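A.B. asks: Position one of the sequence shown corresponds to residue 1 (our numbering), numbered consecutively onward.
The beta-carbon is built from N, C-alpha and C at its ideal position, and this holds for glycine as well.
It should be emphasised that the depicted structure is a prediction, and the values quoted were computed from it without experimental measurement.
If you scroll down you'll find the structure; I have some questions about it.
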Amino acid sequence: MADFDHDILIAGAGLAGLIAAAALGRAGFGVALVDPDMSAPDAASDRADWRSTAFLQPSRGVLERAGLWDGIASEAAALGTMRIVDLDIQTGEVRASRDFVASDISDQPFGWNFPNWLLRRVFAEVVGAMANVTLLRGRRVEGVLTRDNAALVRLSDGTRATARLLIGADGRNSAVRQALGIGVHTKRFGQKALAFAVTHPKPHENISTEIHRTGGPFTLVPLPDQGGQHRSAVVWMERGPEAQRLGGLSDADFDDAMTARSGGIYGRLNVISPRGIWPIITQCAERLTARRSALIAEAAHVLPPIGAQGLNQSIADIAALLSHLDGPGADPGAPAVLAGYARDRRSEVHMRAVGISALNMASMADGPMATAARAAGLTLLHDVPPVRRGLMRMGLGVSQTRGTTSAER
Ligand SMILES: Cc1cc2nc3c(=O)[nH]c(=O)nc-3n(C[C@H](O)[C@H](O)[C@H](O)COP(=O)(O)OP(=O)(O)OC[C@H]3O[C@@H](n4cnc5c(N)ncnc54)[C@H](O)[C@@H]3O)c2cc1C
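In C-alpha cells form, the structure reads like this:
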C-alpha cells in the first residue's frame with residue numbers, strides 16, 4: 001500500500017491554487033485541493049471579486065496546456081498598448097504621455113484581461129470535472145508535519161491527509177508557510193487599492209492606461225464592451241485614509257472623483273460594480289520550499305498591482321515547478337524537484353519585488369522634484385528604443401538572452 005493519500009495536496013483554491021490543480025492534474029498527478037471557501041460568486045453578487053487579471057503572453061500557454069484557456073477565451077479583452085500618463089499635480093492636466101505598443105516586440109498583444117469573478121467560476125468548473133483532482137471543500141489546513149517520504153496535513157474537520165508534495169497556495173497569510181516555520185519580509189506602503197469596474201463614453205481601443213499623479217497609479221484596463229457600453233476594470237491606489245474615504249462616497253460623488261483622477265481621458269466614468277479595497281504590500285517568503293513542501297503565488301510573494309505582475313508571477317511559479325517534474329510516475333516532492341524550483345524562482349521573485357516596489361514609490365511621490373524626475377524617467381525609458389523594448393520584454397517575463405519566458409521554463 002502507498003504511504004501517501006495523494007501525489008500532491010494543494011492548500012488554497014484561489015486563482016493560483018485552481019490553476020496549479022488543473023496544470024498538475026493534466027500532467028497526470030493525483031491532486032487534492034483544500035479550501036474552506038470554494039464558492040465562486042458571479043457578477044451579480046456583492047461578494048464578486050471585481051479585480052481583473054491581465055494574463056501576459058507567457059501565462060497563456062500555461063493556461064492552454066492546463067485546459068483552462070478555452071473556457072475563458074471568448075471573454076478576453078486584448079491589451080495591445082500600455083499607455084503611461086503623468087498628470088500635473090496642481091492642474092490635473094496631462095504633463096507627459098507615452099505608449100508602449102506590443103507590435104514593437106511581438107505579433108501578439110501584451111496580454112488578455114478578464115474579471116477575476118469569471119476566472120474563478122470557469123476554473124472551478126474545469127477543476128471540479130477532473131477525475132484525478134479531489135476537492136476537499138469546507139475545510140482548511142491547520143497543521144503540517146513533514147517526513148522524508150511525505151507531508152502529513154491536519155485539516156480543520158479533524159481528518160488527516162498525506163501527500164508526496166504539499167503546495168501552499170493559501171494566500172498572503174498562508175497557514176502552510178507558518179506551519180513550516182518560514183518567515184516573510186514585508187514592506188508596507190500605507191496605501192490601499194480600490195478595484196472595481198466602470199463604463200465610459202469613449203472606447204478604450206484595447207489600451208491599458210496607467211495614470212500617475214499622487215498616492216499611486218490609477219489604472220484603467222480594458223474589458224469587452226457589453227450592451228453597447230465601453231467597459232474597463234479600474235485599480236485606484238491611494239494612501240490608506242484617502243482610499244477609505246473614496247470607498248465610502250456615494251456612487252455619484254465617486255464618479256466625479258474618479259473622472260477627475262482619470263484626467264477625463266474616456267469622458268465621465270460610471271462605476272458599475274461594488275468597490276473592493278485591498279491593502280498594498282510587497283512581501284516575500286524567506287524560502288520557497290521546505291521538506292516535501294513548496295510555496296507558490298501570494299503564499300510566496302505579494303506585489304503591488306502594477307504591470308500585471310501578481311498572478312502572472314504565480315503562473316511562472318507553477319510553470320517552474322512543472323518543468324522539474326518528469327511525469328506522473330516521478331516523485332513530485334523529491335529534493336531535486338524542490339531544489340530546482342527554488343533555484344528557478346528565488347532571484348526572479350526578488351528582482352520583481354524590488355522593481356515593482358520602486359515603481360510604486362515613484363508613483364506615490366508628490367513633491368515637485370520627485371514628480372519632475374518621474375516624468376523625465378518616463379520619457380527616457382520610452383524614447384530610447386532599445387531601453388523601451390527591453391523594458392517591455394522584462395515586463396512580460398521574456399528573457400532577451402535566452403529567448404525564453406519565465407512561464408515557459
Ligand atoms: C487590486 C489588485 C489588482 C490585481 N491585478 C492583477 C493583474 O492585473 N494581474 C495579475 O497577474 N495579478 C493581479 N493581482 C494579483 C492577483 O489578484 C493575486 O495574485 C491573486 O488573486 C492571488 O491569488 P492567490 O491564489 O495566490 O491567493 P488568494 O486569492 O488569497 O487565495 C488563497 C486561497 O486560500 C484559501 N485559504 C486560506 N487559508 C487556507 C488554509 N489554511 N487552508 C486551505 N485554504 C486556505 C482561501 O480561502 C483562498 O481561497 C492584483 C491584486 C490586487 C490586490
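Relative to the C-alpha of Gln57, which residue among Thr81, Trp117, Trp112 is closest?
C.D. replies: Here residue 57 refers to the residue found at position 57 when the sequence shown is read from its first residue. The candidate whose alpha carbon is nearest that of Gln57 is Trp112.
A.B. asks: Any chance you could list the residues with Cβ under 5 angstroms from a heavy atom of ligand 1, keeping chain order?
C.D. replies: Residues flagged by the Cβ proximity filter: Ala11, Gly12, Gly14, Leu15, Ala16, Val34, Asp35, Asp37, Arg51, Thr53, Ala54, Arg140, Val141, Asp170, Gly171, Ala175, Ala193, Ala195, Val235, Trp278, Ala297, Glu298, Pro305, Ala308, Gly310, Leu311, Asn312.
A.B. asks: Opposite Asn113 in the DSSP bridges: which residues?
C.D. replies: Reading the sequence shown from its first residue, position 113 is the one you call residue 113. In the DSSP output, where bridge partners are listed per residue, Asn113 has Ala54, Ala77.
A.B. asks: Can you tell which of Ser273, Val127, Phe123, Met237 has its C-alpha closest to the C-alpha of Ala362?
C.D. replies: Counting from one through the sequence shown, the residue named residue 362 turns up at place 362. That would be Met237, whose Cα lies nearest to the Cα of Ala362.
A.B. asks: With 16 other CB atoms within 10 Å as the buried threshold, where does Gln226 fall?
C.D. replies: Counted from its first residue, the sequence shown places residue 226 at position 226. Looking at its Cβ environment, which holds fewer than 16 other Cβ atoms inside 10 Å, Gln226 is exposed.
A.B. asks: Alpha carbons only, please: which of Gly240, Arg239, Gly215, Ala193 is nearest the one belonging to Ala233?
C.D. replies: Position 233 of the sequence shown, counted from the first residue, corresponds to residue 233. Closest by alpha carbon: Ala193.
A.B. asks: Is it true that the region 179-193 meets the region 324-332, where meeting means three or more beta-carbon pairs spaced less than 8 angstroms apart?
C.D. replies: No contact exists between the region 179-193 and the region 324-332.
A.B. asks: Are the region 23-39 and the region 128-137 touching, with three or more C-beta to C-beta distances below 8 angstroms?
C.D. replies: Output reads yes: the region 128-137 touches the region 23-39.
A.B. asks: Is the region 68-75 in contact with the region 200-207, if contact means three or more CB pairs nearer than 8 angstroms?
C.D. replies: Touching, no.
A.B. asks: Excluding the 5 residues preceding and the 5 following Asp255 in the sequence, name in chain order all residues of the same chain whose CB lies nearer than 7 angstroms to its CB.
C.D. replies: The residue labelled residue 255 in the question sits at position 255 within the sequence shown. Contacts found: Arg268, Leu269, Asn270, Val271.
A.B. asks: In whole angstroms, what is the alpha-carbon distance linking Ser347 and Asp253?
C.D. replies: Mapped onto the sequence shown, residue 347 falls at position 347. Mapped onto the sequence shown, residue 253 falls at position 253. Cα to Cα, the separation comes out at about 44 angstroms.
A.B. asks: Please return the same chain residues whose Cβ sits closer than 6 angstroms to the Cβ of Ser208, not counting the five positions on each side in sequence.
C.D. replies: In the sequence shown, counting from the first residue as 1, residue 208 sits at position 208. Result list for Ser208: Leu79, Met82, Val221, in chain order.
A.B. asks: From which residue to which residue does the alpha helix (DSSP H) around Leu391 run?
C.D. replies: Here residue 391 is taken as the residue at index 391 of the sequence shown, counted from 1. Its alpha helix (DSSP H) spans residues 385-396.
A.B. asks: Compute the distance between the beta-carbons of Ile318 and Ala23, then report whether it is under 7 angstroms.
C.D. replies: Translated into positions along the sequence shown, residue 318 becomes position 318. Translated into positions along the sequence shown, residue 23 becomes position 23. Result yes, Cβ atoms of Ile318 and Ala23 sit closer than 7 angstroms.
A.B. asks: Suppose the cutoff is 6 angstroms on Cβ atoms and the five residues either side in sequence are ignored; what does the same chain contact list for Asp49 look like?
C.D. replies: Your numbering for residue 49 matches position 49 in the sequence shown. Asn116, Trp117, listed in sequence order.
A.B. asks: For Leu9, count neighbouring Cβ atoms within 10 angstroms of its own Cβ and tell me buried if that reaches 16, exposed if not.
C.D. replies: The sequence position of residue 9 within the sequence shown is 9, counting from 1. Flag for Leu9 reads buried.
A.B. asks: Compute the beta-carbon to beta-carbon distance between Ile277 and Gly247, rounded to the nearest angstrom, for a pair I have assumed lies under 8 angstroms.
C.D. replies: Here residue 277 refers to the residue found at position 277 of the sequence shown. Here residue 247 refers to the residue found at position 247 of the sequence shown. Right, their Cβ atoms sit about 5 angstroms apart.
A.B. asks: Helix, strand or coil for Asp256, going by three-state DSSP, please let me know.
C.D. replies: Stepping through the sequence shown from its first residue, residue 256 is reached at position 256. Of the three classes helix, strand and coil, the one that applies to Asp256 here is helix, per DSSP.
A.B. asks: Roughly how many angstroms separate the alpha carbons of Gly395 and Gln309, rounded to a whole number?
C.D. replies: By 1-based counting over the sequence shown, the position of residue 395 is 395. By 1-based counting over the sequence shown, the position of residue 309 is 309. Approximately 8 angstroms, taken between the alpha carbons.
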